[in-house]
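Worksheet: one structure, shown below.
Numbering (our numbering), first residue to last: 31 to 406.
Below you can see the structure in the form of structure tokens.
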């Protein structure tokens, strides 16, 4: 579980980290315009606003305090956003699994995955009753665990979670907690038991994986209105793109290799957090908002990064580094007071070229060429 969370976080910040590293190569001012148009995510699109409104499905139960005061109006909320961490210095990345699955990029990646792991996917669906291609809606990666929303009402999943040695019990208004145990047959004929991650199943539509039962309970408490009054780290107005969220500076520092810790420290001194948005409907286009309290330092960091990107683009073109040059063709820094936006993109045509090998590969499980019939 820890490894999977790390992979998702690396995926979320890798483009930002790559561009930031290029700061070390030089200084500069304005950038030349990109040769093509790429749609970068900057605000809610009409279809995303409708999606946001449809997801307001949960009304927090009202507790009768025995008073005669006028009841406050009840507003339904998005349970996934309600489940997110609260306060500063937190990380939460939301992957719109269903939207990405039905995008051109998602379809190409899925084609490659099915060529190699189609049987495993089928087996997983048969054992759990969950079809990842149909039943998953959103995947949320946080500092403390994983939250998955979708359709999880199949009894096979509950039977698997409550298997031999596991304990399970109701919690809150609509959740059930599973403290899982798994068995493994040993070569000497014995059986080894190990504890799995605690899992919370809320209302058959949300799975919560945490490091401890208490952490899972904290997520359920936030969903059901028993958490702190602070707003979630991601607001409704920031739910645009096929991937979006906030990465804390502390989490970003951990992503930098040892030889780039000086850059990590400089970023930590300037920025409070980094807000990411990825549009994957066609091209892979990312916007990273870097915010900080000191406007002058943020502006200086943005200018340095913009100049370094320009120089790196020219260097890549001169040295024939085609793939890097294609990435940097769409890189741009847009200063905006106490923040700046870093834009990076990989055009769909480039992604198709990178995945062309998958279409050309023959399925190793596929039918073998027919042998010639023996001559009678």
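Even glycine gets a Cβ: it sits at the ideal position worked out from N, Cα and C.
Reference residue i; option with closest CA among the options
{"i": "residue 314", "options": "373, 351, 342", "result": "373"}
{"i": "residue 67", "options": "387, 377, 382, 383", "result": "377"}
{"i": "residue 160", "options": "379, 262, 316, 235", "result": "235"}
{"i": "residue 277", "options": "209, 188, 123, 227", "result": "123"}
{"i": "residue 365", "options": "385, 337, 81", "result": "337"}
{"i": "residue 212", "options": "264, 196, 200", "result": "196"}
{"i": "residue 175", "options": "141, 296, 244, 294", "result": "244"}
{"i": "residue 87", "options": "108, 143, 201", "result": "108"}
{"i": "residue 81", "options": "104, 126, 119", "result": "126"}
{"i": "residue 381", "options": "138, 352, 261", "result": "138"}
{"i": "residue 106", "options": "253, 225, 152, 184", "result": "253"}
{"i": "residue 202", "options": "248, 142, 164, 154", "result": "248"}
{"i": "residue 261", "options": "71, 76, 116", "result": "116"}
{"i": "residue 224", "options": "209, 163, 232", "result": "209"}
{"i": "residue 180", "options": "72, 350, 232, 294", "result": "232"}
{"i": "residue 281", "options": "171, 153, 164, 72", "result": "171"}
Inter-residue CB distance, residue i and residue j (contact presumed, cutoff 8 Å)
{"i": "residue 370", "j": "residue 328", "result": "6 Å"}
{"i": "residue 318", "j": "residue 306", "result": "5 Å"}
{"i": "residue 74", "j": "residue 267", "result": "6 Å"}
{"i": "residue 308", "j": "residue 271", "result": "5 Å"}
{"i": "residue 173", "j": "residue 120", "result": "6 Å"}
Neighbourhood of residue i by C-beta distance below 6 Å, restricted to the same chain and skipping five residues each side
{"i": "residue 311", "result": "133"}
{"i": "residue 90", "result": "255"}
{"i": "residue 291", "result": "none"}
{"i": "residue 251", "result": "257"}
{"i": "residue 178", "result": "169, 237"}
{"i": "residue 130", "result": "136, 272, 310"}
{"i": "residue 63", "result": "Note that residue 63 scores 43 on pLDDT, short of 50, meaning its location in the model is unreliable; the coordinates nonetheless yield the value given after this. Around residue 63: no qualifying Cβ."}
{"i": "residue 186", "result": "158, 159"}
{"i": "residue 155", "result": "161"}
{"i": "residue 184", "result": "159"}
{"i": "residue 71", "result": "270, 271, 307, 309, 317"}
Euclidean distance between Cα positions of residue i and residue j
{"i": "residue 190", "j": "residue 148", "result": "21 Å"}
{"i": "residue 355", "j": "residue 332", "result": "20 Å"}
{"i": "residue 56", "j": "residue 347", "result": "Model confidence at residue 56 stands at a pLDDT of 38, short of 50, so the residue's coordinates are unreliable and nothing is read from them."}
{"i": "residue 220", "j": "residue 194", "result": "16 Å"}
{"i": "residue 192", "j": "residue 200", "result": "12 Å"}
{"i": "residue 128", "j": "residue 166", "result": "6 Å"}
{"i": "residue 296", "j": "residue 330", "result": "12 Å"}
{"i": "residue 353", "j": "residue 385", "result": "13 Å"}
{"i": "residue 157", "j": "residue 217", "result": "25 Å"}
{"i": "residue 302", "j": "residue 325", "result": "12 Å"}
{"i": "residue 84", "j": "residue 300", "result": "38 Å"}
{"i": "residue 214", "j": "residue 188", "result": "20 Å"}
{"i": "residue 198", "j": "residue 351", "result": "55 Å"}
{"i": "residue 182", "j": "residue 298", "result": "40 Å"}
{"i": "residue 407", "j": "residue 142", "result": "This structure leaves residue 407 out entirely; the chain is present only between 31 and 406."}
{"i": "residue 151", "j": "residue 164", "result": "12 Å"}
{"i": "residue 242", "j": "residue 204", "result": "19 Å"}
Backbone secondary structure at residue i - three-state DSSP
{"i": "residue 337", "result": "helix"}
{"i": "residue 182", "result": "coil"}
{"i": "residue 386", "result": "helix"}
{"i": "residue 251", "result": "helix"}
{"i": "residue 237", "result": "strand"}
{"i": "residue 169", "result": "strand"}
{"i": "residue 304", "result": "strand"}
{"i": "residue 272", "result": "coil"}
{"i": "residue 205", "result": "strand"}
{"i": "residue 283", "result": "helix"}
{"i": "residue 323", "result": "coil"}
{"i": "residue 214", "result": "strand"}
{"i": "residue 109", "result": "helix"}
{"i": "residue 197", "result": "strand"}
Other residues of its chain near residue i: CB distance less than 8 Å, five sequence neighbours each side excluded
{"i": "residue 246", "result": "175, 207, 228, 229, 230, 238, 239, 240"}
{"i": "residue 264", "result": "111, 114, 122, 124, 274, 275, 276"}
{"i": "residue 69", "result": "309, 311, 312, 313, 315"}
Same chain only: Cβ atoms within 7 Å of residue i, ignoring 5 sequence neighbours per side
{"i": "residue 60", "result": "Summary for residue 60: the model assigns pLDDT 44, below 50, so the residue's position carries little reliability, and this model does not support an answer."}
{"i": "residue 78", "result": "269, 270"}
{"i": "residue 358", "result": "339, 342, 343, 346"}
{"i": "residue 140", "result": "131"}
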